[in-house]
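Asks: Taking this note's numbering, the leading residue of the sequence shown gets 1, the next gets one more, and so forth.
Structure below; questions to follow.
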Amino acid sequence: MEMLFCTSLVALVGIGDHPNMSPRRLQIFNTKRQSAICELTFPTLVLSIKLNCHRLVVILEKQIYIYDISNMKLHTIETSPNSSAVCSLSYSSENCYIAYPLQNLLSLEFLTLMSKLKMNCPKSSVLSGYVLFDALALHPINIIEAHKSPLAFISLNSNGTLLATSSDKGTVIRIFSIPSAIKLYKFRRGTSLAKIYSMNFSLTSNFLCVTSNTETVDIYRLFSDEVSKRERSYSIQSLSKSCEFLEKKRSFRRSSYFIRRNFITILENYLLATLTEIWEPTRNFAYAKIPDHQTKNIAAFNKC
1 MEMLFCTSLV
11 ALVGIGDHPN
21 MSPRRLQIFN
31 TKRQSAICEL
41 TFPTLVLSIK
51 LNCHRLVVIL
61 EKQIYIYDIS
71 NMKLHTIETS
81 PNSSAVCSLS
91 YSSENCYIAY
101 PLQNLLSLEF
111 LTLMSKLKMN
121 CPKSSVLSGY
131 VLFDALALHP
141 INIIEAHKSP
151 LAFISLNSNG
161 TLLATSSDKG
171 TVIRIFSIPS
181 AIKLYKFRRG
191 TSLAKIYSMN
201 FSLTSNFLCV
211 TSNTETVDIY
221 RLFSDEVSKR
231 ERSYSIQSLS
241 KSCEFLEKKR
251 SFRRSSYFIR
261 RNFITILENY
271 LLATLTEIWE
281 PTRNFAYAKI
291 PDHQTKNIAA
301 FNKC
């Protein structure tokens, strides 16, 4: 079931054996009028549905159906087997994007896109990235290899500018900017393997909450690295000043050994501060315990 924001439109898929409740049948229901305004039948089971003001997205195991809500015109995407329905749709009218796992066998369209993006074609055994698809223009716009392991969950924020990803290991959460697909954050959920059940951004995208088959709801803070930015800026300024100092030393014809030794020391300090941030992912800043973590739990923010 999927609701179109706070409107009276609800998309429903059945779970029974009766034809009216078939898991291959989708109904768009008007709750005010208590009537179905549209019915669609699909060749295989409907695994998930996504809805925004412009698009209705239906996820099947090997296909994604994209409908234009204004006229119900259909566009179909062929995908690799996706029994977990890993897919996300942004709610933004301007940045109307769909993210879904990269195909195991790349089509000519994707090979052309990778060529335009100047990307090397990865081996089929390591294809664990995602495709960013423009749901309005109906074409892929970016590809990125997010994890070494297969993708298990992806989530776009409400305005279509950030994407959170997790692999089937469930130990690391990565945040990418959209549509540039630049990695912004790397969060450590834990060291033990876990199955991710949900990842949701807050309305302002300052926080991300994650649930899994563990007993905690993890909350991560975004855009809070001012101290890190200042430290990095200070390191860059120090490097720049030190380089200027070395240039002056060169003018006085000091020994090359002295210059090289100081330059290496400066680079070591700078790289140590920078690489430490990469090697040591940020952990959650808050968490909540779940009394019953044996069932599938989903968490989301209200307004923050």
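Backbone N, C-alpha and C define an ideal beta-carbon position, used for all residues, glycine too.
Of the residues Ile141, Cys87, Arg188, Pro179, which one's Cα is nearest the Cα of Ser155?
Replies: Measuring from the Cα of Ser155, the nearest candidate turns out to be Cys87.
Asks: Can you tell me which of the three DSSP states Met199 falls into?
Replies: Strand at Met199.
Asks: Are the beta-carbon atoms belonging to Cys209 and Ile196 less than 8 Å from one another?
Replies: Not closer than 8 Å, so no.
Asks: Any idea what DSSP makes of Asn52, helix, strand or coil?
Replies: Correct three-state label for Asn52: coil.
Asks: Return the bridge partner residues of Ser177 from the DSSP annotation.
Replies: DSSP lists Leu162 as partners of Ser177.
Asks: Taking the CB atoms as reference points, tell me whether Ile37 and Ile49 lie closer together than 8 Å.
Replies: No, Cβ-Cβ distance for Ile37 and Ile49 is not below 8 Å.
Asks: Hey, which unbroken runs of the beta strand (DSSP E) at 3 residues or more fall wholly within the stretch 7-78?
Replies: Here the runs fully enclosed are 9-13, 25-30, 35-41, 48-51, 55-59, 63-68, 74-78.
Asks: What whole-angstrom Cβ distance do Pro23 and Val46 have, given they're in contact under 8 Å?
Replies: So it is a contact: roughly 6 Å between Cβ atoms.
Asks: Should Ala99 be labelled buried (16 or more other beta-carbon atoms within 10 Å of its own) or exposed?
Replies: With 16 or more Cβ atoms within 10 Å of its Cβ, Ala99 is classed as buried.
Asks: What's the call for Arg283, buried or exposed, on a 16-neighbour Cβ count within 10 Å?
Replies: It counts as exposed.
Asks: Mapping DSSP to helix, strand and coil, what is Ala286?
Replies: Ala286 falls in the strand class under three-state DSSP.
Asks: Which residue's Cα is closest to the Cα of Arg203: Asp68, Thr76, Gly190, Ala300?
Replies: Arg is not the amino acid found at residue 203; the sequence shown has Leu there. The option with the nearest alpha carbon to Leu203 is Ala300.
Asks: Short of 7 Å in beta carbon distance, which residues of its chain neighbour Ala286, apart from the five on each side in sequence? Order them along the chain.
Replies: These residues qualify, in order along the chain: Ile219.
Asks: With a CB to CB cut of under 7 Å and the five nearest residues on each side skipped, what residues in its chain are close to Leu136?
Replies: His54, Cys96, listed in sequence order.
Asks: Out of Arg25, Ser198, Asn157, Ala288, state which residue places its alpha-carbon closest to the alpha-carbon of Ser93.
Replies: The shortest C-alpha separation from Ser93 is found at Asn157.
Asks: Using a 10 Å radius around the Cβ and a threshold of 16 neighbouring Cβ atoms, would you call Leu89 buried or exposed?
Replies: Leu89 should be labelled buried.
Asks: Quick one: Cα of Ile182 to Cα of Thr7, how far?
Replies: Their backbone Cα atoms lie some 34 Å apart in a straight line.
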